[in-house]
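The numbering used here numbers the first residue of the sequence shown as 331 and each following residue consecutively.
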Amino acid sequence: MRRQRMIARCVRSVRLGILVAFAGMALAEPARAQAPLHERIDAMLESAHPAQPAPLASDAEFVRRIYLDLIGTIPTADEARQFIDDQSPDKREKLIDRLLASPEFTRHMTTVLDVMWMERRPDKHVKTDEWRAYLHAAIAANRPLNELVREILAADGVDDALRPAAKFYLDREGEPNLLTRDVGRMFFGMDLQCAQCHDHPLVDDYYQSDYYGIFAFLNRSFVFADAKAKKSFFAEKGEGGVEFKSVFTGETGQTGPRLPGDAEIAEPTFAKGEEYVVKPEKDVRPVPKFSRRAQLAEQATDGTNNAFNRNMANRLWAVMMGRGLFDPVDLYHSGNSPTHPLLLQTMADELVAMQFDVRRFLGEVARTRAYQRGLDMPENQMEQAAAAVAQVAALEAELKSLEAAREQAAAAVSATKAEAKSAEEAVAAAAKQLADAQAAIEPAKKAADEATAKLTEAQSAVNAKQEVATLVADAAAKTQAVVAKFPGDDALAAAAKTFQTRADELGSQLEAARQTATQAAATAKNAADQLAVAERMVATVTTARDAARKQAEAIAARTSAVESALATEVMKVGEAQHKHQRAVALAELHQTKVAADQARGAADQAARQLADARKELESAKASMPERQKELDSARTARDAAAKQLTETQPRLAAQQAATKTLAEALAQANAAAEKLPDDKALADAAADVRQRHEQEQTKLDATKNEIARLEAEAKSTAEKLAAAEAAIATLTARIAELEPSLPKLETDANVARERADSALAALDQADLDIVRRWADETYVAGLKPLSPEQMTMAVLQATGYTNNVRSAAEAELNKKSPLSEADQADAAKLAERAKQLEDELYGKLKGNVGLFVNLFGVGPGQPQTEFFATVDQSLFFANGSQILSWLNPSGNNLTARLTKLEDPAALADELYLSVLTRRPTEAEVAETSDYLASRADDRTGAVRELAWSLITSAEFRFNH
């Protein structure tokens, strides 16, 4: 587990680190011809996608989008109409350049950076107007973004010209933990707040040491209130280390200043009390000899810190795209890796190469197909999804291969990191020894200074006493010589004795002073020796510390190659992961489509079966009366035939008997006639019998035929009856079969329909997920809610209020300082006048921004990108007097222009171009015409309501 954690941390260190090799190569390589950045962006994006992205946006969509993103408002109807109708192939590039060069861009970017870095915090020490004026001047001068950030991070508020830059620190009251979080968020794209007391519980990449690496740049700083100047400054102390302890594990650590992904910075060492240019006093702002905050400003922004470069590139990308390549833009970590790692690195390197030129960078982004894509997915999306199925296996195999290579590289880094950690611990131990040794210098120096002072004092006392003692001794000797010459002079003898006594006393005092001086010299020597020992210890430990540092640097240099290799593999894996995920998502969409089609087919089949059964049952039941009628008819026919047969059979029997009798009589008659051939009477009688027999035989034959017919008819009717009975039985059986089967068929049909509905809902969701994924990854345009400032300026522009204010401001400027004909032909003078006009216009419009910020803005001190809708917003648009007043006809505002147009089609065209920056559809023209016709008695009110309905629409509130 420990090894896996070490490897994971190595991978993380490269993901979050400086990627020195890449950045260094980018800076060191000689300039060479390569495609413009916007072409490389598109090539990298499209090669990383397994399908064809969305087509480009229409001219109407593009012109609205680019105006909002570059100057913070929508175009006028005339500007939109002119652009849409322009057939020039390069019109988009020309518009981008024109907007970037406009004073409105400067104003908009001022707002963007203000909101990005201050997050609408209330004023405390520096006024917002001063801060924005500072930003505005920097953007107007096209100063490099890194220089601007450098001034902000180094600002102390002392220099009046740069005092506004200190707002970032001062208006956060210099609170080091808050500043650590916001410096990490704003300038390195890492929100480390939850790593203050322990390693981050949710983000594996964020360690407590990362938090305190930034904290160490800031913990010495504080707000200094200068009573005389009546201002607050951001001061810095010259001492103060950083130690930390995890509240979870109890692990402790210490760190010096360290940028994300970097090693600790090298710091000079100073003797205690020598750390300051200006030492701290009660009413004196300290100035250290070595400023950690100045190092933060310099090392973060000098182009070598990849975390800073990447963060700035990602934030600028988000300004145009609505979201970063990693988003949120202050949460870069392996669990929120960029959708296109190589692209992000390329843009970070290119931002450095173009010297942090914001205009140039945004212009390149605006030129990309990625930025200019439309909202609609490709028409052949499902065909592309089907094609993606075949790509998944190959992409998965490639990913596994790259992951294996990454793990090998991570293992190599892990080994060197372990060695580097030991070296860092050795440096830390040496640094602690040095600190202890330096701490021992002060008392030793103090003791040495005190001993030296006492020695100097003692030597001074010896010198003073020596001089006096010598004078008095000389005086005593000379006085004794005089006494010798005047032996009887008691006064001289007394004086000589006095001098000698005093000389003896002074000699004793001199000897005592000499002994004191000797002791002081010994003490001073001992103290000096102790100081020398302490100084030698400092020198020794400093040498050891420097050696440890040198060894650590050597190990760091050895790890550079493996880190560079790992960085390459990490980004390759990231790209492959995202491409694989895109293909999988498309393949799953296809599979979901197939499942939905199958479920829909099964549901249709079940529905058909149910419908067929119902139809058959209804038909069977409907035909039953007819079948019964046929049965009754067949039974009647059979009975009639049977009756006739029964009635005819006795006649047949009688006729058969009579015919038989006649046949017998005929036979006898014939026999008699043969015996008496000449008997005419007998012959005639026989002839009569024959004739009668023939007649009866004819009748019998007719009856037999009739019987045969009646039997056939009886058989036929019986068969028909049987058939009718069978039909009734079959129909009855079918009804009996169908009726109980209907509930099951109904259940089956309902289940199949529910499954189909569920499958179709899953398909809709999968399709929506693809759209969201593509929008997040810039393969189709997404919806971007307007910021409060954009909403303000867009509403004022749409209603025509801006136009009226601009006309008045321009008239006032022309009256106050008219341009001569020569000035009007001078591009520089016209550009300056445009800036003056923009300043005047913004000054008159900015009072409306606060209202929209209160309604649409996020609370102070929070990321300002969240979208939400509230009742207050709806009430404002429904009942707010401001919107209604701006829509009242006035000057040349929107409703004033519309009411002058008699043609409903022309009115609709002007309305939709003014508000939604597009031409109306035929249906919208018809709706506009019908509504105007229905309000013929109040056409002005109708026009106002039409304009209001578009301004309050969802289409207006979003940038798309």
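Quick reminder that beta carbons are idealized off the backbone N, C-alpha and C, glycines included. Quantities reported herein were computed from a predicted structural model and do not represent experimental measurements.
Asked	Found
Cβ-based neighbour list, residue 1119, same chain, cut-off 7 Å, excluding 5 preceding and 5 following	402, 441 and 1179
Span separating the alpha-carbon of residue 597 from that of residue 620	8 Å
Neighbour-count burial assignment, residue 1197, 16 or more Cβ in a 10 Å radius	exposed
Helix, strand or coil at residue 1145 according to DSSP, with G and I counted as helix	helix
Per-residue burial, residue 1122 [other beta carbons within 10 Å of its own, 16 or more giving buried]	buried
Distance CB(residue 571)-CB(residue 583) smaller than 9 Å	no
DSSP state of residue 472 mapped onto helix, strand, coil	coil
Where residue 863 falls: helix, strand or coil (DSSP)	helix
Between the CA atoms of residue 975 and residue 1037 - distance to the nearest angstrom	6 Å
N- and C-terminal bounds of the alpha helix (DSSP H) containing residue 518	506-518
Segment contact, 8 Å Cβ cut-off, at least three pairs: the stretch 985-1002 with the stretch 1020-1029	yes
Cutoff 6 Å; reference residue 1043; Cβ partners in own chain excluding five residues on either side	971
CA-to-CA distance, residue 1282 to residue 407, given in whole angstroms	18 Å
Supposed contact pair residue 400 and residue 322 - C-beta distance, whole angstroms, cut 8 Å	With the chain running from 331 to 1290 in the structure shown, residue 322 is simply not present.
Distance CB(residue 504)-CB(residue 551) smaller than 9 Å	yes
Candidates 978, 1053, 1006 and 824: closest to residue 965 by CA position	1053
Same chain, Cβ closer than 8 Å to residue 1072, five either side skipped, listed in chain order	940, 943, 944 and 947
Supposed contact pair residue 1016 and residue 1032 - C-beta distance, whole angstroms, cut 8 Å	At roughly 24 Å, the Cβ-Cβ gap does not stay under 8 Å, so residue 1032 and residue 1016 are not in contact.
Simplified DSSP assignment, three categories, for residue 551	strand
Span of the beta strand (DSSP E) around residue 1165	Here residue 1165 belongs to no beta strand (DSSP E); instead the alpha helix (DSSP H) covers 1157-1175.
Where residue 615 falls: helix, strand or coil (DSSP)	coil
Cβ contact (3+ pairs, closer than 8 Å) linking the stretch 869-882 and the stretch 750-762	yes
Selected residue, minimal CA-CA separation from residue 936, among 1056, 870, 1075 and 635	1075
Residue span of the alpha helix (DSSP H) that contains residue 560, given as start and end	Counting along the chain, residue 560 falls outside any alpha helix (DSSP H), and DSSP gives it neither H nor E.
Spatial distance of residue 1067 from residue 1077 (CA atoms)	17 Å
Per-residue DSSP class, three states only, for residue 646	helix
Residue 386 - DSSP class collapsed to helix/strand/coil	strand
Short Cβ contact (9 Å threshold) for residue 573 with residue 622	no
Local conformation of residue 351 per DSSP, three classes	Confidence at residue 351 is low in this model, with a pLDDT of 38, below 50, so the placement of that residue is unreliable and no value is reported for it.
Distance CB(residue 592)-CB(residue 543) smaller than 9 Å	yes
Where the alpha helix (DSSP H) containing residue 800 begins and where it ends	711-815
Simplified DSSP assignment, three categories, for residue 583	strand
Contacts around residue 360, its chain only, beta-carbon distance under 7 Å, and the 5 residues preceding and following it disregarded	Confidence in residue 360 is poor, its pLDDT being 42 and thus under 50, which makes the residue's placement unreliable; the coordinate value appears in the next sentence. No residues qualify anywhere along the chain.
Beta-bridge partners of residue 661, as assigned by DSSP	520
Rounded distance between the beta-carbons of residue 512 and residue 525, thought under 8 Å	With 8 Å as the limit, residue 525 and residue 512 do not qualify as a contact, their Cβ atoms being about 14 Å apart.
Residue 594 (DSSP reduced to helix, strand or coil)	strand
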